[in-house]
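Here the protein sequences come in this chain order: A and B. Counting in the working numbering, the first sequence runs from 17 upward without gaps. Counting in the working numbering, the second sequence runs from 540 upward without gaps. Only one structure is covered here, and it is reproduced in the block below.
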Amino acid sequence: MTESPSSSNSSRKSSGFDRRAFMAGAAGAAVAVPLTARAAGDAAGAPTPRDASLPVNMMLRINGEDRPLSADARTTVLDALREHLGLTGSKKGCDHGQCGACTVLVDGRRVLSCLTLAIAAQGAEITTVEGLSQGDGLHPMQQAFIDQDAFQCGYCTPGQILSAIACVKEGHATRDEDIREYMSGNICRCAAYPNIVAAVKQAAPEIEKG
Amino acid sequence: MRPIIYQKANDTRAAMQALAAAAIGNGAPTESSVQPLAGGTTLIDLMKLDVMRPSTLVDITPLADSWSGIDPQNGNLRLGALARMSEVAAHPAIQRFYPVIAESLKLAASPQLRNMATLGGNVLQRTRCTYFRDVSYANCNKRNPGSGCAAMEGFNRMHAVLGTSDFCIASYPGDFAQALIALDAEVEITSKAGVRKMPFAELHKPPGDTPQIETVLEPGDLISAFAIDGRWPRSLYLKTRDRQSYEFALASAAVALDVRDGTVSDARVALGGVATIPWRAREAEALMKGQRFDDALAQRAAEAALAGAAARQHNAFKVDLGKRVVAHALQRAATMEI
C-alpha cells in the first residue's frame, strides 16, 4: 500500500504523532496483494470449482476514492474498512447486525457494514465517518454531537452519526418520537440517548438546507 | 465464517443456472451448499454463527431490476420479492390501502436492516431460538435433526405456544408474513422449471417431526413476488415486545376488517411471536363473520385465536398476552378512520 490509510481523514491535524494515526497505519501496513488473487464478480453462469480460500481482488469506492484491496470473498465491508484499508472509524460492536456501531452509507442509504459483503458492495458509493468533514470543518452532525454532548465513551458515535444523517435525509427527524424510533438501530451503552436526540434536532435544519 | 465462493447472477437465467447446483441432493434448501444472497441480514449472520454453512453464495441482487416493483395497480397489489422492506413501508399507496403491511414492515428490525433486507428474504427469516443460533448446544432438531430440543426444558420464554410439536417449539420471528397470510396473499416462485404460484399460507410448514424443513420450497427455488387481491384500508399490525422498538414480538396481531353498518362482513386475524409459523386464526375469523362488532365479540375472537395454545415453563404469559393483543387490535381496527 503506497498511500497512507489515514490521508482521507483531512480534518485531522497532521502535526506530530497520535494514537489513531499509528493504529490506522499499523492496520493498513498488514495489507499485501498476493499474486494468486483472482478477479471478482466475473461469474454470471454456472459455478466453476475454485478455491474459496484464495483472496479476491476487489475495488471499493469509499468516500469518493477508489480503494483496491485483496481479501477473502467472505470479508465484510466492515472488515475491509478496518483490517484492509486502515479506515477504523467504523466500529465493530456486535458483528451480527444488532448494535449499529458499524453503520455506513451505501449509495446514500444507511446499512450495516458487518452484514454486507465487500465483494458485493463493489460499484457502490460507500460513505464512512472519515468522509464526512470538509477540510478542517466538521459535518454539521459531527458538530452537533460535540455541542450536545451526545456521547460518553464514543464507541457507538461514528455509527450514530452516519445513522443520524440518513435519519434526517429520510425525513424522520421532525419529531422527538420519530428520532427515537428511527435511531433505535443504534445502541448506546452509555445511554446518551437524550443528548443524541438533541444533536439530531440541532443538525437537521442545516442538513435539510443541503 | 467459513470460506466461500461468491458469484453474481446478472439475470434470472444466470441465477437459475448458478443455483442449479443447490438442487442436487434432496436436503432442505436451508442446508444446501449453494445459497442465494439478497439482503444477507439473516444469511451472513447465521454464517458467522456457523449455523448455516454454504460454500457458495449466488448474489441475486441484480435481479432487482425486474423483481423489486411495488405495484398497487387498481386494488391488485403486486410486490417484487427483492423490494427492500424500507421502500415498501414508506410507499404512500401501501400506507393508505394496506396499513397492516406498512406497519408490519416498519415495526420490524431497525432502519439499517430494513434498508438491506428484501421481502422475499424477510418471509424466510429463520427463528431467533437461542438454542438454534448457538451451535454449542448439540440438541436442536432444526439444526441437527434427531438430536432433541434444548428449548423444551430450557429457557423458553420467547418460544411458541401455537403450532408446536414434540420436536420443536421455536417461534417464527417475522412480522410481514403475518400481514401476507391475513390478506390471503399469493406467493410467486421462480425455478429452473418456470414460474409457479400458490397461497402464501402454504409456504411455511409447521415443525412436526421434521423441523429442519421450514417451507415447501425446493433447493433452487426463488421467491420472486407476492400478490394480494383487493384493498384493506381497515387493517393494522399491533406488536408487543420487551422494548418499544427494535425487538422481536412477544405477541403480535395482523388484523383486517370489513365492517358494514356495524356488522362484520369479513375479518382476518394472524398471529406473530406466539407460533412456529405465520399463524392464521381462522376460528377467530369465522366466529366474527356476520356478527355486530363490539368489545365482547373482539374478546370472543381473541379467546378462539389462542384456544389451541400449549405453553411451556416460561412462556405461559404469551397465551394471555396474545389474547389481549388480538382483542385490542380488532378494537382499534374497528374504530379506524378510513
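Ideal placement from N, C-alpha and C gives every residue a C-beta, glycine not left out.
Rounded C-alpha distance that separates residue i from residue j
{"i": "A:Ser20", "j": "A:Asp165", "result": "Annotation note: pLDDT 42 at A:Ser20 (below 50); position unreliable, no value reported."}
{"i": "B:Lys736", "j": "A:Lys217", "result": "47 Å"}
{"i": "B:Val537", "j": "B:Glu642", "result": "Residue 537 of chain B cannot be examined here, being either before or after the span of chain B that is shown, 540 to 877."}
{"i": "A:Gly226", "j": "A:Gly187", "result": "13 Å"}
{"i": "A:Val120", "j": "A:Ala189", "result": "18 Å"}
{"i": "A:Ala134", "j": "B:Ala557", "result": "20 Å"}
{"i": "B:Ile609", "j": "B:Lys828", "result": "31 Å"}
{"i": "B:Ala656", "j": "B:Gly861", "result": "27 Å"}
{"i": "A:Leu97", "j": "B:Arg665", "result": "29 Å"}
{"i": "A:His112", "j": "B:Glu822", "result": "39 Å"}
{"i": "A:Leu154", "j": "A:Cys118", "result": "20 Å"}
{"i": "B:Leu796", "j": "A:Ser106", "result": "46 Å"}
{"i": "A:Ala160", "j": "B:Thr600", "result": "36 Å"}
{"i": "B:Met697", "j": "B:Cys688", "result": "14 Å"}
{"i": "B:Asn680", "j": "A:Ala219", "result": "51 Å"}
is_contact[residue i, chain B] using C-beta, thresh 8 Å
{"i": "A:Leu76", "result": "no"}
{"i": "A:Thr119", "result": "yes"}
{"i": "A:Gly153", "result": "no"}
{"i": "A:Tyr209", "result": "no"}
{"i": "A:Leu133", "result": "yes"}
{"i": "A:Arg126", "result": "yes"}
{"i": "A:Gly170", "result": "no"}
{"i": "A:Asp230", "result": "Because chain A is modelled from 17 through 226, residue 230 of chain A falls outside the range shown and cannot be assessed."}
{"i": "A:Arg191", "result": "no"}
{"i": "A:Gly226", "result": "no"}
{"i": "A:Gly116", "result": "yes"}
{"i": "A:Ala60", "result": "At A:Ala60, the pLDDT of 42 sits below 50, so the modelled position is not reliable and the matter cannot be decided from this model."}
Below-8 Å beta-carbon distance, residue i vs any chain A residue
{"i": "B:Pro772", "result": "no"}
{"i": "B:Tyr670", "result": "no"}
{"i": "B:Asn661", "result": "no"}
{"i": "B:Met697", "result": "no"}
{"i": "B:Ser710", "result": "no"}
{"i": "B:Leu777", "result": "no"}
{"i": "B:Ile884", "result": "Absent from the model: residue 884 of chain B. The displayed extent of chain B is 540 to 877, so no value can be given."}
{"i": "B:Tyr785", "result": "yes"}
For residue i, the residue or residues it bridges with in DSSP
{"i": "B:Ser791", "result": "B:Lys778 and B:Gly811"}
{"i": "A:Ile78", "result": "A:Glu81 and A:Ile142"}
{"i": "A:Gly153", "result": "A:Gln150"}
{"i": "B:Phe765", "result": "B:Leu618 and B:Val726"}
{"i": "B:His737", "result": "What sits at residue 737 of chain B in the sequence shown is Met, not His. Per DSSP, B:Val726."}
{"i": "B:Ile609", "result": "B:Leu618"}
{"i": "B:Leu652", "result": "According to DSSP, B:Leu652 bridges with nothing at all."}
{"i": "B:Pro575", "result": "B:Val597"}
{"i": "A:Leu128", "result": "A:Thr119"}
{"i": "B:Tyr545", "result": "B:Leu596"}
{"i": "B:Arg851", "result": "Answer is none; B:Arg851 lacks a bridge partner."}
{"i": "B:Cys707", "result": "B:Cys707 pairs with nothing; no bridge assigned."}
{"i": "B:Trp818", "result": "B:Leu810"}
{"i": "A:Leu133", "result": "A:Thr92"}
{"i": "B:Arg799", "result": "B:Thr802"}
Cβ-Cβ distance between residue i and residue j below 8 Å
{"i": "B:Tyr637", "j": "B:Trp771", "result": "yes"}
{"i": "B:Met875", "j": "B:Arg799", "result": "no"}
{"i": "B:Leu756", "j": "B:Phe739", "result": "no"}
{"i": "B:Arg871", "j": "B:Leu775", "result": "yes"}
{"i": "B:Ser571", "j": "A:Ala68", "result": "no"}
{"i": "B:Pro575", "j": "B:Leu701", "result": "no"}
{"i": "B:Gln546", "j": "B:Asp589", "result": "no"}
{"i": "B:Ala501", "j": "B:Ala554", "result": "The first residue shown for chain B is 540 and the last is 877, placing residue 501 of chain B beyond what the model contains."}
{"i": "A:Ile195", "j": "A:Cys204", "result": "no"}
Secondary structure of residue i, DSSP reduced to three states
{"i": "B:His743", "result": "strand"}
{"i": "A:Asp58", "result": "For A:Asp58, the predicted structure reports a pLDDT of 44, less than 50, and the residue's modelled location is therefore unreliable. A value from the coordinates is still provided. It is coil, neither helix nor strand."}
{"i": "A:Leu51", "result": "Since pLDDT at A:Leu51 reaches only 43, below the 50 mark, its modelled position is unreliable, and the value read off the structure follows with that caveat. The answer is coil: DSSP assigns A:Leu51 none of H, G, I, E or B."}
{"i": "A:Asp163", "result": "helix"}
{"i": "A:Asn73", "result": "strand"}
{"i": "B:Asp748", "result": "coil"}
{"i": "A:Arg90", "result": "coil"}
{"i": "B:Leu588", "result": "coil"}
{"i": "B:Ser804", "result": "strand"}
{"i": "A:Cys183", "result": "helix"}
{"i": "B:Leu496", "result": "Because chain B is modelled from 540 through 877, residue 496 of chain B falls outside the range shown and cannot be assessed."}
{"i": "B:Val662", "result": "helix"}
{"i": "B:Arg623", "result": "strand"}
{"i": "B:Leu845", "result": "coil"}
{"i": "B:Val755", "result": "coil"}
{"i": "B:Thr569", "result": "helix"}
{"i": "B:Asp604", "result": "helix"}
{"i": "B:Asp673", "result": "coil"}
{"i": "B:Val700", "result": "coil"}
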